[in-house]
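Just so we're aligned: 216 in my numbering is position 81 of the sequence shown, and the numbers increase by one with no gaps anywhere. The beta-carbon is built from N, C-alpha and C at its ideal position, and this holds for glycine as well. Computed from a predicted model, the values in this text were never measured in an experiment. Below: the structure, in structure tokens.
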Amino acid sequence: VAMAAARGATVIGTSSPAKHAYLRTLGAVPTAYGDGLADRVRELAPGGVDAALDLAASGSLADLVALVGDADRVVTVADAARSAELGVR
136 VAMAAARGAT VIGTSSPAKH AYLRTLGAVP TAYGDGLADR VRELAPGGVD AALDLAASGS
196 LADLVALVGD ADRVVTVADA ARSAELGVR
């Protein structure tokens, strides 16, 4: 997160609201995970999302593919079963 933000990327990080301050210290724009995630991300990134990295099997992988628009630009380390179904690496 910090490296991407330092290179000029807008990084949107998901967490519980209790951890939003920590995400900000890393340079991320925080939002809550869970229901409505895709809508919240669209509000934070009205120009679209270029890529997504899924680090927690939260059930949002399909939303990430929809937000990015291309499964080749989504990577997961947390949801191998769903990734094959969606064409995510």
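Alpha-carbon to alpha-carbon, residue j and residue i
{"i": "alanine 180", "j": "alanine 186", "result": "12 Å"}
{"i": "alanine 197", "j": "leucine 221", "result": "7 Å"}
{"i": "leucine 202", "j": "serine 150", "result": "18 Å"}
{"i": "valine 136", "j": "leucine 188", "result": "10 Å"}
N- and C-terminal bounds of the alpha helix (DSSP H) containing residue i
{"i": "serine 218", "result": "215 to 221"}
{"i": "valine 203", "result": "196 to 203"}
Residues near residue i in its chain [Cβ-Cβ closer than 7 Å; skip 5 each side]
{"i": "serine 193", "result": "Tyr168"}
{"i": "threonine 211", "result": "Asp189, Leu196, Ser218 and Val223"}
{"i": "isoleucine 147", "result": "Ala163, Val164, Thr166, Val176, Leu179 and Ala180"}
{"i": "alanine 139", "result": "Val146"}
Enclosing beta strand (DSSP E) for residue i [first to last residue]
{"i": "aspartate 189", "result": "187 to 189"}
For residue i, the three-state DSSP class (helix, strand or coil)
{"i": "threonine 160", "result": "helix"}
{"i": "valine 209", "result": "strand"}
Check: residue i C-beta below 7 Å from any heavy atom of the ligand MG
{"i": "arginine 208", "result": "With respect to the ligand MG, the structure shown offers nothing to examine, as it has no ligands at all."}
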